[in-house]
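With the working numbering applied, the sequence shown corresponds to residues 4 to 314, in that order. Just so you know, even glycine gets a beta-carbon here, dropped at the ideal spot from N, CA and C.
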Amino acid sequence: MNDAAHRRAVVVSRNGIDIVTELLTEVSAGHARVKLSHAGICHSDIAAIASGTITGPAHIGHEASGVVVESRIPGLDAGTRVVAYATDAYATHVDVPHDRIVVLDPGCSTLDAALAEPVACVIGAIEMLPLADCSEIVLVGAGFMGLLAVRHLALLGHAVTVVEPIEARRAVALGAGAVRALHPDSVLSEYPSGTAIVIEATGSAGGLALAGDLVAIGGTLGILGYHQSENGMRTVPMERWNFRAMSVLSLHHRSAERMMRWIDRAQRSAAQGGIVPSEFVDAYFGLSDAALALAMTPADRAPVKAVLTFQ
């Protein structure tokens, strides 16, 4: 492959991914070309491919970092390490507009920078919760997003109890700063009257149901999980939720301006040893193995977080 071409993963059908070589075009004004170092595999992409929601040909991937190799952005030079908040990041190169680039702190690795976007989602989510009078937070689900939330909350000084069925992930949650890690089968007896703040981070119907059952009267349920299975349809016990006078918050955001601000905070936190998302990465793939990296795997065998590397 020469400097005028790049490789990318293209979704061509349900569970069908091709690796193609494409010619690079001229960089547009106000954009920079970034040679990627890493790209995080987001579970929302895995689920969308498996369900057939994404129909080919499609370019996806939004967690990425690398080095600027060509720039038409004033003040941004070639050689600068950046977070590239792109929408086609399962590729060796991406062209990114000026308002979707964050220059890295010297202390932030490109691996941690690639995962600044999910950390940013967690930072924004936690800011939505009424935590001023909260003595304990219960978090249901210790996947990647749940573990990031545990780490962020622990750094803020909160006592977090994690609910997770997989023993190995309960251990990781304790290492991330949780004060307790419980199996779902035992948690309801621990909270007979519920608790004030519950965060659901599973994206599953069962996890949402359990999280709702744990909310006390007048409490808050924050939904961090991204619900895609069964087309995102969920059945909830509204009579019970109404009686409890619960507040139910979607902890998701769609403001690009805020996301870029949180991405900057995320990479600065990693540089200072705060939220270091690479600590939860347990699988690495080359671009040629993108189909394997993006395959749906049962939770008890799936990696906590997989990353594509372009080194």
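The alpha-carbon separation between P301 and V284 amounts to approximately 17 Å.
Beta bridge pairing from DSSP links G206 with no other residue.
Secondary structure note for D48: its alpha helix (DSSP H) is the uninterrupted segment 46-54. Here I57 carries a coil assignment [DSSP, helix/strand/coil]. For the pair D267 and V105, the CB atoms are nearer than the 7 Å cut-off. Assigned with DSSP and collapsed to three states, T90 falls in coil, not helix or strand.
Per DSSP, reduced to three states, the secondary structure at I169 is coil, with no helix or strand assignment. A Cβ-Cβ separation of about 6 Å places L311 in contact with F288 under the 8 Å criterion. In the three-state reduction of the DSSP assignment, I220 falls in the strand class.
In this structure, the CA atom of P77 is about 10 Å from the CA atom of H34.
Residue pairing for A8: DSSP places it in a beta bridge opposite L26.
Going by beta carbons, A119 and A269 fall inside the 7 Å limit.
Taking the Cα of M263 as reference, the smallest distance to any Cα among V143, R36, E66 is reached at E66. Using a 10 angstroms sphere on the CB of H155, the tally of other CB atoms reaches 16 or more, which defines it as buried. L254 sits away from R237, with the two beta carbons spaced by 7 Å or more. DSSP places P280 within a helical segment (H, G or I) once states are collapsed to three. Membership of V190 in any beta strand (DSSP E) is not indicated; the residue belongs instead to the alpha helix (DSSP H) covering 187-193. Judged by pairs of C-beta atoms under 8 Å, the stretch 181-195 does not touch the stretch 230-246, as fewer than three such pairs exist. In the DSSP annotation of this structure, the continuous segment of the alpha helix (DSSP H) that includes E242 starts and ends at 241-246. Look at the beta carbons and you see the stretch 200-214 touching the stretch 224-231: at least three pairs across the two are nearer than 8 Å.
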